[in-house]
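Protein chains in written order, with the working numbering: chain A, 894 to 1229; chain B, 894 to 1229. From the three backbone atoms N, C-alpha and C, an ideal C-beta is built for every residue, glycine too.
2 protein chains.
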Amino acid sequence: MSERNRAVTIADVAARAGVSQASVSRVLNGKQSVDPAIVQAVQAAITALGYTPSVAARSLVHGRNDTIAMVVPDLENPLFQGILKGLSRAAAADGYRVLVADTAEQVDEEEATALEARHRCDAIVLCAPRMPEERLQRLVARIAPVVVVNRPLPGAQVPIVGVDYARGIRDLVDHLHGLGHRRIAYLSGPELSASNAERLRGVADAVAAEPGITIDVIPGGSRLDDGYEAAASVDAARREGVTAVIAFNDLVALGLMTRLRELGVEVPGDLSIGGFDDVPMARFATPRLTSMSVPRGEIGAQVWARLRTLIAGGPIEHTVLYRPRLEARESTGPVR
Amino acid sequence: MSERNRAVTIADVAARAGVSQASVSRVLNGKQSVDPAIVQAVQAAITALGYTPSVAARSLVHGRNDTIAMVVPDLENPLFQGILKGLSRAAAADGYRVLVADTAEQVDEEEATALEARHRCDAIVLCAPRMPEERLQRLVARIAPVVVVNRPLPGAQVPIVGVDYARGIRDLVDHLHGLGHRRIAYLSGPELSASNAERLRGVADAVAAEPGITIDVIPGGSRLDDGYEAAASVDAARREGVTAVIAFNDLVALGLMTRLRELGVEVPGDLSIGGFDDVPMARFATPRLTSMSVPRGEIGAQVWARLRTLIAGGPIEHTVLYRPRLEARESTGPVR
DNA sequence: TCTCAGCGAGAAAGCGGTTTCTCAGCAAAG
DNA sequence: CTTTGCTGAGAAACCGCTTTCTCGCTGAGA
């Protein structure tokens, strides 16, 4: 917009090349065959004038932008960052750009933000983990084409890309079970978070599947501090027989481990700890944190693939959930 | 673009309300006084039809689109994430959106990416820590209005917002000096990084200012792994009398500490360690990592303030550098 | 009562491209 | 040699909105 080369328009190029605007446009888009001499002249004029086509004008006539928007509740969340990065690179490869709309955790603003963003862009990637399902349904219908990230939406006419949290939790429980643990605690995430609900479902499934296992749910959170502060409750549970903890995510697990070390609780000797997300730091914690790995960048790329199909008028592709991969490290060990 | 309400245009609203397009436009923009009856009719028509103005058309006529772009080498870097978040929120408050252009560390593409981005947006925020100064100078001139982040650019006609790394390093050295350290090592960052050069300048300044101090420079990097792998060199330096290490950033410091613990080196007993950036994890490391805190979100907000001035036709405001704040924690201690 | 501002609404001209439509020119077919 | 069918370039319409221009109308001043 409004670059320094103000007033260098296609008309100027046409005039300088001594041809019509239409011809210039044809040369630019290369859709039709054009007299080589004209092509020459036009290209010469373009470089001489330093002409670049106006994106806005093009958008107006085409009715599209080559821009998509990603609506996220909090850009600070490593998960969204990773997805954004993967999305942004994949989209760039197809000539699309990504707009970021951070809703600052204001669930009430998400709807307006998404609508506004949709209005400037050709499509939306929506991360709204806490929006009530019904509202989300309505919103999704209004802003299509859209891809929903990381939350289930039963029966919705929308592609979904996410993580199979329930499955991940089950796999982690199995891992712990294999190590002999029978009394486990789940340090839960934010109450309204859809992915926390999924994890809880995994917890329930695991308990149902393995009659010998008990899993207590302890209120936690999603950040380092939350884990740190939950250490007291966790330690209390440990005293009552819990031998392993599954944290909502790695940040919580890391915060928890920090505090436990201060309290003199040995990991994994006194207590095994498992996280979720496999953030880079997990490998560098002491002890190295066992975690369920999630392919953030890959999710972003997959989101773009689905969105591209949608933009091209293709069908709503099936939901895809990535199964987290267990990265067994030192923070989980055999029960004493 | 191309929303479901295809064909609902200002003309439809005008027709339905029985007035001219111009009147609808006036009602929409509220710049001129309009007959209340017309306002009524227009608003009724708008809601009845579910009309929303076309952003593209507006952009075309105004020559701007209320969007800015941030060009970053790597979205995974916590520094850029924080800045992006701050920028995005500040800009949103003024009705601007932010486009992300991740150049995937390809210095060669940065120029093209920036130009392309500039072409779709009203202004650019440029993070190009490794682009040669001269090229950057030329680029900056071409894509104005632009704000450069986190690197010096002597004599350039462009606002710069960044961190006073040199000063930060000096402050950290002073801190160590106060603890009795005289032989210090600087575990350096990526060779071509402008901010690493700044830090090295700080190192040189410190040595010049404090005759009693020696600072060895050890090659490192910018990520957790780099710190982990540099531990051997650091330990060797320690054996030769180095009592404190300043890491390029916190990630490097954390990686280093992890490995040192494995090697049986006590921190801060055997060796003091200081980081840079004050990432959230710093407070949760064992021992808690002493770091130089950088106001990431604040930088983003400040960048927006400068850019807004520029967009409004204001002057190129002065460079502003944030002085990092020492967060003295447990990883630095008195020399033995 | 007549003239002149002033106000406000409609008509129309862009903004900078793309795309349809029209028509000249030329080669092949009759 | 004339007619037909293409090819390709230019003219003009159009995308949807803003803004200038024009003009009718009203109210104040003479």
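Find out if the Cβ-Cβ distance for the pair Ala1124 of chain A, Leu1149 of chain A is shorter than 9 Å. Contact flag set, yes.
Would you call the segment 944-959 of chain B and the segment 1152-1169 of chain B touching, i.e. three or more CB-CB distances under 8 Å? no
If you count every other CB in all the chains shown that lies within 10 Å of the CB of Ala1078 of chain B, and 16 or more means buried, which is it? buried
What is the DSSP secondary structure of Gly1193 of chain B, reduced to helix, strand or coil? helix
Which residue from A:Leu1080, A:Val954, A:Asp987 and A:Gly911 puts its Cα closest to that of Gln933 of chain A? A:Gly911
Buried or exposed, going by whether 16 or more other CB atoms sit within 10 Å of the CB of Asn898 of chain A? Low confidence applies to Asn898 of chain A: its pLDDT is 44, below 50, so where it sits in the model is not reliable, and the reading given next is rough at best. Burial call: exposed.
Limits of the unbroken beta strand (DSSP E) element including Met1174 of chain A: Bounds of any beta strand (DSSP E) do not take in Met1174 of chain A, whose DSSP letter is neither H nor E.
When the cut-off is 9 Å and only beta carbons count, does Arg982 of chain A lie next to chain B? yes
Taking only the alpha-carbon atoms, compute the straight-line gap between Ala1146 of chain A and Arg1131 of chain A and give it to the nearest angstrom. Roughly 15 Å separates the two Cα atoms.
Taking only beta-carbon positions, decide if Asp995 of chain B is within less than 9 Å of chain A. For Asp995 of chain B, the answer is yes, since a Cβ of chain A falls inside 9 Å of its Cβ.
May I ask you to verify whether the segment 1187-1194 of chain B touches the segment 1205-1221 of chain B, counting CB pairs closer than 8 Å and requiring at least 3? yes
So is Gln974 of chain B in contact with chain A if we call contact Cβ pairs under 9 Å? yes
What is the DSSP secondary structure of Ser916 of chain B, reduced to helix, strand or coil? helix
Report yes if the CB atom of Ile1053 of chain B is closer than 9 Å to the CB atom of Leu1214 of chain B, and no otherwise. yes
Which same chain residues, not among the five before or five after Ile1108 of chain A, have their C-beta less than 6 Å away from its C-beta? Ile1077, Tyr1079, Val1096 and Val1100
At least one CB of chain B closer than 9 Å to the CB of Thr1183 of chain A: is that the case? no
What residues from the segment 1204-1226 of chain A come within 9 Å of chain B, judged by C-beta to C-beta, listed N to C? none
Pro1112 of chain B to Glu1009 of chain B span [Cα, whole Å]: Using only the alpha carbons, I get a separation of about 35 Å.
Within its chain, find whatever has a CB closer than 8 Å to the CB of Val965 of chain B; leave out the 5 residues flanking it on each side and keep chain order. Phe973, Leu977, Val993, Ala994, Asp995, Thr996 and Cys1020
Can you grab the Cα-Cα spacing for the pair Glu1122 of chain B / Thr1212 of chain B, in whole Å? 36 Å
Which residue or residues does DSSP assign as beta-bridge partners of Ser1165 of chain A? According to DSSP, residue pairing for Ser1165 of chain A in a beta bridge involves A:Ala1137.
Leaving out the 5 sequence neighbours to the left and right, which residues in its chain are closer than 7 Å to Tyr989 of chain A when beta-carbon positions are compared? Asp959, Thr960 and Ile961
What separation, rounded to the nearest whole angstrom, lies between the Cα atoms of Glu1191 of chain B and Gly979 of chain B? 6 Å
Give the DSSP-derived three-state secondary structure of Ile1036 of chain B in the structure shown. If DSSP states are grouped into helix, strand and coil, Ile1036 of chain B belongs with the helices.
Taking 9 Å as the CB-CB cut-off, is Gly1082 of chain A touching chain B? Under the Cβ distance rule, Gly1082 of chain A does not count among the residues neighbouring chain B, no pair being separated by less than 9 Å.
Same chain, Cβ closer than 6 Å to Asp1064 of chain A, neighbours up to 5 away in sequence not counted: Leu1219
Listed by chain order, chain B residues near Tyr1121 of chain A by CB distance under 8 Å: Phe1177, listed in chain order.
I need the straight-line Cα distance from Val1056 of chain B to Leu1117 of chain A, nearest angstrom please. 26 Å
Using the Cα positions of Leu1072 of chain A and Ala1194 of chain B, report the straight-line distance between them to the nearest angstrom. 49 Å
Answer yes or no: does any C-beta atom of chain B fall closer than 9 Å to that of Arg1199 of chain A? no
Report the rounded CA-to-CA distance for Ala941 of chain A versus Arg1023 of chain B, giving the unit in angstroms. 31 Å
How many whole angstroms separate the CB atoms of Val1039 of chain B and Val1196 of chain B, which I take to be in contact at a CB cut-off of 8 Å? Between Val1039 of chain B and Val1196 of chain B the beta-carbon gap is near 10 Å, outside 8 Å, which marks them as no contact.
Would you report the Cα separation of Glu896 of chain A and Arg957 of chain B, rounded to the nearest angstrom? Note that Glu896 of chain A has pLDDT 46, beneath the 50 cutoff, so the model's placement of it is unreliable and the number below is only indicative. Using only the alpha carbons, I get a separation of about 10 Å.
Which stretch, first to last residue, makes up the alpha helix (DSSP H) that contains Tyr1215 of chain B? Counted as a single uninterrupted DSSP element, the stretch harbouring Tyr1215 of chain B is not any alpha helix (DSSP H) but the beta strand (DSSP E) occupying residues Val1213 to Tyr1215.
For the segment 1122-1154 of chain A, list every residue whose C-beta sits within 9 Å of some C-beta in chain B, in sequence order. Leu1144, Leu1147, Gly1148, Met1150, Thr1151, Arg1152 and Arg1154
Should Asn922 of chain A be labelled buried (16 or more other beta-carbon atoms within 10 Å of its own) or exposed? exposed
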